[in-house]
Every structure is written in structure tokens, then in C-alpha cells.
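Contents: one structure, followed by commentary.
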Amino acid sequence: MFSIGKGIATRFTAPTVKVDTKERKVEYHPRTYTQFIQGIKNRELPSVIIRPNKNIAVFQEENGDYGDVSIPQNEQLWQTLMESETEVLIDNTQPVSLIENVVMFFFIAYIFTLGRTLFTPRGEGGMGMSNPFMKSAEFNMENEVTTRFKDVEGIDSAKDELEEIVDFLKNPEKYYGSGARIPRGALLAGAPGTGKTLLARAIAGESSVPFVQCSAASFIEMFVGVGAKRVRELFEQARENQPCIIFIDEIDAVGKKRGGTTTPGNDEREQTINQLLTEMDGFDNETGIVVIAATNRIDILDDALLRPGRFDRKIQVSLPSVKGRLKILGVHARGKKFAPDVRLKNLAKQTTGFSGADLANLLNECAIRAVKDGDGTITNDITENVYQRIVVGAKGDVKYSFRKKELVAYHEAGHAIIGVLVPDYDKVRKVSIMPRGAAGGVTFFQPSEDNADSPFYTKEYLLAQILVALGGRAAEEVIYGANRVTTGASSDYARVYQIAREMVTTYGFGKNKYDYRNLSPSAALKVDNEIENIVSQCYRYALKMLTDNKDKLEELKDLLIEEEIVDGEVVYDMLGQGRCNSFDCSVSFD
């Protein structure tokens, strides 16, 4: 800043001035350019600040008030100012853009927040993260766990594996006297929702020992060494409360296989897992501390974590079987009102692939729907509607034209008819053309006793799955012709090619055996040809089956248009209980 006119002066910023020895508040009085020039000439403005880069002038009046005015860039203004007795200051400071102001504001806010995050102890003010250089807060510990094995159903084999740990924690002298060493750790592996956490709590509840729980993800921080520090604190807390159970959920967050990479994130994870291994090695045989961990990715865990002496027991917590699902439904049915027509056994049969958490959610949604629709009593219709909503999606509001409704009816009838005609396949339970979710219609199947929850499928069963999935497209072609089929079978084809590819590359059901993980271009081409051969042959058989039963296809289509939902037993009665008309059921698909 520099001045012209009467020497150098400071910018006028006085908030108050004394006029006639009385203090008063400074007021703002803007002027027009003409009034501003007149004030200069009349000596009413003792000082003026000119800001050329903004084309404005800020002036002070004789009584201390101030104001501003827009000014032009011309020589006449400067001449008037030079000839006056007004003190003139010129401010050539470059203005800061709005973007620069915003960036600076957020930068300062970020630095301030980071400082609070790093150096505010956990719990102060109820906000912020913990200071990594201070002692972490106590881990979640329950001295008395009320969960018992009776609350955990459907995973009896896993419970049997853990009975020894419960007995050790209850009667340790029996094992110490015989020189036995209790497993230091047990790893529960299984799909999400299968009850791993509930099972760990039940062990603590049955043993009447404290339960220290944490998530492995909470060990990882941006500072190297913090994870290892928290592992030490976890085991220190456990030793202070022994005998006890330490439960580490999602241990794959820190227990992944160690590699050669040296990024900061990997370095922190490796220090954390090394500390965990050290702590588990440091157990005295008589500490009475058992570590239970849970994961759904046991394949990626470090080998050192799985060796004997650390996690001695690897227990697979599988999805429940039909009997297991029935027991789980019985647990979650407690306290709920059911109508006489509800059969939990039937619900257990149709919920193949549901985990314990899925079943709990199913009955909870049924209870909510029952309260919404009536007096809180769960009926068979409610369970059916909730099941369909969970599996397929909510009912749509789309109103189909008759032509579209007819198309959907043919499509679903094709699935259902082939499902009935193919021998030893899953039972057709219900056929619907009511839109749900992204589906225009749906055919529900209930797995047979041999196929329900079985990890082993025959080649014949997989080919039957492909046939049934192709039934919708085949029905469209039989009725409308090859050039008028629709995109409604897109999801069916995705499933078909998935099954066919697994048959060739994983299960060894093709003409040749391939290792899908290491295929040369020529081998990949052969695989694609075999897959296409399986799909095309199945499609030809599906066309033949529906052509030979076209009258039944029309009959079922008409019934679906009239009623929208048809029970599976009606379809079986219509087709004579599953006879294969003009179809050699023993034909090979090689």
C-alpha cells in the first residue's frame, strides 16, 4: 500500500470515534459518484482509500462515519483528488479468489480436525478417534454371558467340536492332571450369518467365564505399530480376567497371508499378525485363556496362524440342513403367534440355502407383516408372501397388457412343465406370473430329499437344471417362433452357462478334463465348444419336450392368466405325475 496527496497514512478501520467528546457508533453512508466528488470539493471527506483493482473508493467523513462508492478509471478523478486536501491511500493488494478462500478454509479445517483426531483421548467429548500414542479404551467384555447352547441350533456338529473347550474351562484340573494341553485357539469358518459369533458367546455362557470381544479390523490404523499395541492390550485385559474367552471377529482383516510387498498398509498388518502370533505362543498351559476367531475366508489366512499351537481347531460352520433349519425356526418362533395352517417343517424345506440369520430375518419380517395386516398372528399366506419377497423381490405395481401377460404365462409354464417331466428333479411348488422385483414371473421349486443341502450333485441333476432353465425360452419359440423370442430369458441363460462351464472346467463332466486355472488359448476354445454343445443339446431336448406337450403348455398358460398363481400339485395332476412323453429320459448329453 502507498499514498498520494498528503503523505503516508494508515488504512481507516476505527470502529468508533469521539465527536464533541461523546462516543458514538460509526455509521455507514454510501454515496453516488457525484456526491463523492462534491464531498471532496467541499472538504467533507478527510481521507479516502482507492482500490483500483475493484474500482471502488472507501471514504471517511468528518464525523467519523464511513462509506464507499464505485469509481471510474479516468484522469479527471485523479486530478480532483490531487488538488484536494483529502488524504488519499491507494490499496493495490491483489484480491484472493473465492476458490482460493474455500481451499484455504478446508485446508485449515482439515489440519484442525486431524489434530483433534490424533491427540484427543478416546471418549473425550464423546467424539473423535483414539490417540494412538495413548492407551486404548477397554475392549468389549461381558462378565456374565446369558447365551447357551440351547440358543444355538442347526449347527450341532460345530457344537460337538467345542464341547471339550467348555469342559476344560469348567474343569481344568481334570486335564492338567493328565498332562493334556487344551487347544489354545479355535477357528470358526463359515458363510456370513451361520452363527459363528453366537456360537462363541454360547461357549462363554456355558463355561461361565468372561467374554472379551473385538473385531480384527479395529487393530489396523494409519500408524505402524498401533495394531500390535492393541493386540498386546487385548491380551493384557484377558490375563487380568482369566479364565476367559477372547473372540476376534473377521480375523482375515489382519490374518491374511504375508507376502513380499512392503507398502505401509502391509507393514502395519504384518506387525499386527506377528504380535498376535507372539501372544498366542506366550500362553502358559494353565492360563485358562482360549482364543476363538471367526472368518468366512479361511483360504486367505496365513499358514503360521493355522498351525498347531495357535488355532488348533478349525471348525466349519456350515449352512443348516433341513433339520437344522427346522430347529432354528423353532428358536426364532418363540414368542410369536402362528395360525394353525403354518407348518415350520414346510418352511424349513423350502428355505434351502438360508443361513440362521436369514431364517431369523424371515420370521421377523413375518411378525412385522402380521402386525401390519391384522392382530399379529402369522398365517401361511404371510410366510409365503414374505418368502417370495426375500427370494425374488417385492410385488411390482406394473400392470401387464394381455399380450405381455400371455408371454409371461407361456414362459413360466415352460419352466414348470419341464420341471415336472424331467425325472428325479426338484418338486414344482408354485408357479406365478405376478411381477416381483425384476422378474415378470417366477416358478418356485422345492429340492428333493436327495438334493436338499447336499454338496454332491449328479451329472443328470445338473443337466436337468439346465433343461428347466431353458424351458422359458423354449416355450417362447414353440409358441411364437424362433424370430419372436424375447429377452426375458437373459438371466436364465446366465445361469445355464455358469452350470455348463462348471461341469466342464470344475466337475470333469465334459469329454476332456481341464484345469480352468491354467488354460491355453486352444484349450479354452475346446472348453467353449464343449459348453456350447451341452447348452445346444439341452435346448433341443427342451424344445422337443414342450412341442410334444404343447396342449399342456396351452392349458397351463390359460390357468395362469386366469388365476395368476397356480399350485405345483395342479401342474403334476395336469401332466400325469411327471411322465416323460416322447422323451428318452436316459439319453446321454455327452
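First residue of the sequence shown: 1, per full-length UniProt numbering; consecutive thereafter. Glycine included, each C-beta is placed from N, C-alpha and C at the ideal position. The structure presented is a predicted model; accordingly, all values stated were derived computationally and were not measured.
| Query | Result |
| --- | --- |
| So for residue 311, helix, strand or coil by DSSP? | coil |
| Going straight from the alpha carbon of residue 312 to that of residue 238, what length do you get? | 19 Å |
| Hey, which unbroken runs of the beta strand (DSSP E) at 3 residues or more fall wholly within the segment 192-256? | 211-215 and 244-249 |
| DSSP on residue 439, reduced to helix/strand/coil? | strand |
| Check residue 67 in the structure and name its three-state DSSP category. | strand |
| Closest to residue 422 by CA distance: which of 386, 466, 385 and 454 is it? | 466 |
| Which first and last residues belong to the alpha helix (DSSP H) in which residue 350 is found? | 344-350 |
| Look up residue 316 in the DSSP assignment and give the residues it is bridged to. | 189 |
| Spatial neighbours of residue 435 within its chain, please: CB distance less than 6 Å, with the 5 preceding and 5 following residues excluded, ordered by chain position. | 396 and 398 |
| For residue 297 and residue 185, which I take to be in contact (beta-carbon distance under 8 Å), what is that distance rounded to the nearest angstrom? | Residue 297 to residue 185, Cβ: 17 Å. No contact. |
| State whether the segment 332-339 contacts the segment 377-388, with contact taken as three or more CB pairs (one from each stretch) at a distance under 8 Å. | yes |
| Output the boundary residues of the beta strand (DSSP E) element that contains residue 402. | Per DSSP, residue 402 belongs to no beta strand (DSSP E); it is in the alpha helix (DSSP H), 402-421. |
| For residue 495, collect the residues of the same chain with a Cβ closer than 7 Å to its Cβ; drop the 5 residues on either side in sequence, then sort them by chain order. | 469 |
| Out of 165, 462, 427 and 566, which one is the CA nearest neighbour of residue 412? | 566 |
| Rounded to whole angstroms, what is the Cα-Cα separation between residue 344 and residue 524? | 47 Å |
| By the 10 Å Cβ neighbour count, where 16 or more other Cβ atoms means buried, how is residue 529 classified, buried or exposed? | exposed |
| If you measure between the beta carbons of residue 552 and residue 575, is that distance less than 8 Å? | yes |
| Residues in its own chain within less than 6 Å of residue 557 by CB, not counting five upstream and five downstream? | 409, 410 and 413 |
| In chain order, what residues of the same chain have a beta carbon less than 6 Å from the beta carbon of residue 241, not counting five sequence neighbours either side? | 210 |
| Tell me whether residue 418 is buried or exposed, calling it buried when 16 or more other Cβ atoms sit within 10 Å of its Cβ. | buried |
| Let me know the secondary structure DSSP gives residue 425 once reduced to three states. | coil |
| Classify residue 28 as helix, strand or coil using the three-state DSSP reduction. | strand |
| Is residue 305 closer than 8 Å to residue 329 when the C-beta atoms are compared? | no |
| Counting C-beta neighbours from all protein chains within 10 Å, is the total for residue 153 16 or more, i.e. buried, or is it exposed? | buried |
| Flag this pair as yes or no: are the beta carbons of residue 276 and residue 254 separated by less than 8 Å? | yes |
| Would you kindly check if the distance between the Cβ of residue 431 and the Cβ of residue 420 is under 8 Å? | no |
| Cutting at 6 Å between CB atoms, please list the residues of its own chain near residue 198, excluding the five before and the five after it. | 152 |
| Taking the continuous alpha helix (DSSP H) assigned at residue 36, which residues delimit it? | 33-41 |
| How close, in whole Å, do the beta carbons of residue 86 and residue 58 come, if the pair is a contact with beta carbons under 8 Å? | Rounded, the Cβ-Cβ distance is 12 Å, inconsistent with contact. |
| Could you check the C-alpha separation between residue 350 and residue 367 for me, to the nearest Å? | 19 Å |
| What do you get for residue 218, buried or exposed, if any count of 16 or more other CB atoms within 10 angstroms of its CB means buried? | buried |
| Identify whether residue 277 lies in helix, strand or coil by the three-state DSSP scheme. | helix |
| Beta carbon of residue 196, beta carbon of residue 317: below 8 Å? | yes |
| What is the DSSP secondary structure of residue 377, reduced to helix, strand or coil? | strand |
| Return the residue from the list 55, 64, 476 and 60 that minimises the CA-CA distance to residue 71. | 55 |
| So which of 535, 183, 226 and 273 has the shortest CA-CA distance to residue 290? | 183 |
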